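Peer 1: Residue numbers (UniProt numbering): 1 to 255.
Quick one: this structure, given as structure tokens, is what I'll be asking you about.
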Amino acid sequence: MALKLSAKQIERFDVDGFLILRQEEHRLIEPSLLQAWTTEVKSLPRLCNKWMPYDELTSNGTRQIMRTENFADFHEGFASLLHGNELCGILAQVTREEMVLFKDKINYKLAGGNGFGAHIDAPAYDHIGQIEHTTANIAVDAANLENGCLEVVRGSHKMVVDLADGGAISKTWEESHEWLPVPLEAGDLLIFGSHLAHRSGDNKTDKPRASVYATYSMVSDGKDLRSRYYQDRREQFPPDHERIPGKDYGLGVKR
1 MALKLSAKQI ERFDVDGFLI LRQEEHRLIE PSLLQAWTTE VKSLPRLCNK
51 WMPYDELTSN GTRQIMRTEN FADFHEGFAS LLHGNELCGI LAQVTREEMV
101 LFKDKINYKL AGGNGFGAHI DAPAYDHIGQ IEHTTANIAV DAANLENGCL
151 EVVRGSHKMV VDLADGGAIS KTWEESHEWL PVPLEAGDLL IFGSHLAHRS
201 GDNKTDKPRA SVYATYSMVS DGKDLRSRYY QDRREQFPPD HERIPGKDYG
251 LGVKR
């Protein structure tokens, strides 16, 4: 049974654009189990037309895995968690709509892993439908400023955010607003919408800082959006091992 949110918590989400639920409150999963599942997904072999691992180059030129997408349907535990009534029920309370999984990824942010520049998520999904999405970010490891926790602009989901390219936020807008760090302990849940401005720094520690990002759409917007999204993504921005040499995947970077 889904955790019942208070009226104050729902109001905070409406006003701020995000809501933090500590692990001991939501109790969706034990941190140790979440960490074990994440290790299992990270260790999956690189096969075609299944889960989607992506690599990155760190500042010192090291190539390492950055994230895995589209894994939930290939992992029994994550399938139960991310498609389950408990998590979807929590999200339904803040959106007032029945929710369905749209996109799933684990950002591993290994030691030295890159951060993500200031952006909003919505433009990356507009080719599937210009609708609102809601993300459940579950911290696999504790997140803080040193290892690149998320930073947000409170209430920015109701602002006109100046975009430079795709979902990237202009430097002028970024520098003129206050950014609030959102530190999390392992197992904590951060819920935010696709129009909330957010960013994260590099992992400057010698340990990983992984997070699960499960993004949901409203059932009323369509039940096949997930399959449409990943069909397009595999064509426009496939995992490194599935790419055709010489083909331009520049468009897919923005999705």
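Note that the Cβ used here is the ideal one computed from N, Cα and C, for glycine as well.
Fair warning: this is a prediction, and the values are worked out from it, not measured in the lab.
Identify every run of the beta strand (DSSP E) within the region 51-89, keeping only runs that are complete inside it and at least 3 residues long; order them along the chain.
Peer 2: 52-57, 63-69
Peer 1: Locate the alpha helix (DSSP H) running through T215, then write down its first and last residues.
Peer 2: No alpha helix (DSSP H) contains T215, which is instead part of the beta strand (DSSP E) from 211-218.
Peer 1: Which whole runs of the beta strand (DSSP E) in the region 158-241 are 3 residues long or more, in chain order?
Peer 2: 163-165, 189-193, 198-200, 211-218
Peer 1: Taking Cβ to Cβ, would you say H119 is nearer than 8 Å to V153?
Peer 2: Cβ distance not < 8 Å, so H119 and V153 don't count as in contact.
Peer 1: Could you round the C-beta distance between G89 and A2 to whole angstroms and report it? I think they count as a contact, below 8 Å.
Peer 2: Indeed, because the Cβ distance is near 3 Å, the residues count as touching under 8 Å.
Peer 1: To which residues of the same chain is G17 closer than 8 Å at the C-beta, ignoring the five residues directly before and after it?
Peer 2: V152, R154, G155, S156, H157, K158, F192, G193, H195, L196
Peer 1: Once DSSP output is grouped into helix, strand and coil, what is the label at E30?
Peer 2: coil
Peer 1: Pop quiz: P208 and L101 are said to be a contact at Cβ under 8 Å. What is the actual Cβ separation, rounded to whole angstroms?
Peer 2: The Cβ separation is near 24 Å, so there is no contact.
Peer 1: Please go through the same chain and pick out, in chain order, the residues whose beta-carbon is closer than 6 Å to the beta-carbon of N107, but skip the five residues on each side of it.
Peer 2: R67, S211
Peer 1: On the CB-based measure, 16 or more other CB atoms within 10 Å of its CB, does N137 come out buried or exposed?
Peer 2: buried
Peer 1: Give the range of the alpha helix (DSSP H) segment to which K109 is assigned.
Peer 2: Note, K109: premise wrong, no alpha helix (DSSP H); not H, not E.
Peer 1: Am I right that G167 and A214 are in contact with their C-beta atoms under 8 Å? What's the rounded C-beta distance?
Peer 2: About 18 Å separates the two Cβ atoms, so there is no contact after all.
Peer 1: Taking only the alpha-carbon atoms, compute the straight-line gap between F13 and L21 and give it to the nearest angstrom.
Peer 2: 11 Å
Peer 1: Please return the same chain residues whose Cβ sits closer than 7 Å to the Cβ of L225, not counting the five positions on each side in sequence.
Peer 2: F102, I128, G129, S217
Peer 1: Please determine, among L190, T134, G148, G115, the residue with the shortest C-alpha to C-alpha distance to L57.
Peer 2: For L57, the closest C-alpha among the options L190, T134, G148, G115 is that of G115.
Peer 1: Could you please give me the residues that DSSP links to I138 through a beta bridge?
Peer 2: L189, V212
Peer 1: Give the DSSP bridge partners of A143, in chain order.
Peer 2: A143 is bridged to L184.
Peer 1: By the three-class DSSP mapping on this structure, what secondary structure does I128 have?
Peer 2: Three-state result, I128: coil.
Peer 1: Among A142, L87, D162, which has the Cα closest to the Cα of L184?
Peer 2: A142
Peer 1: Can you name the start and end residues of the beta strand (DSSP E) that V153 belongs to?
Peer 2: Taken as a continuous stretch (DSSP letters only), V153 belongs to no beta strand (DSSP E), as it is neither H nor E.
Peer 1: Could you tell me the boundaries of the beta strand (DSSP E) in which A118 lies?
Peer 2: 116-119
Peer 1: Per DSSP, what are the beta-bridge partners of M99 in this structure?
Peer 2: M218
Peer 1: Quick check: the Cα distance between Q93 and Y229, rounded to an integer number of angstroms?
Peer 2: 25 Å
Peer 1: What residue range does the beta strand (DSSP E) around I20 cover?
Peer 2: Run containing I20: 18-21, per the beta strand (DSSP E) assignment.
Peer 1: Please name the residue in E242, Q35, F237, I29 whose C-alpha comes closest to that of G250.
Peer 2: F237
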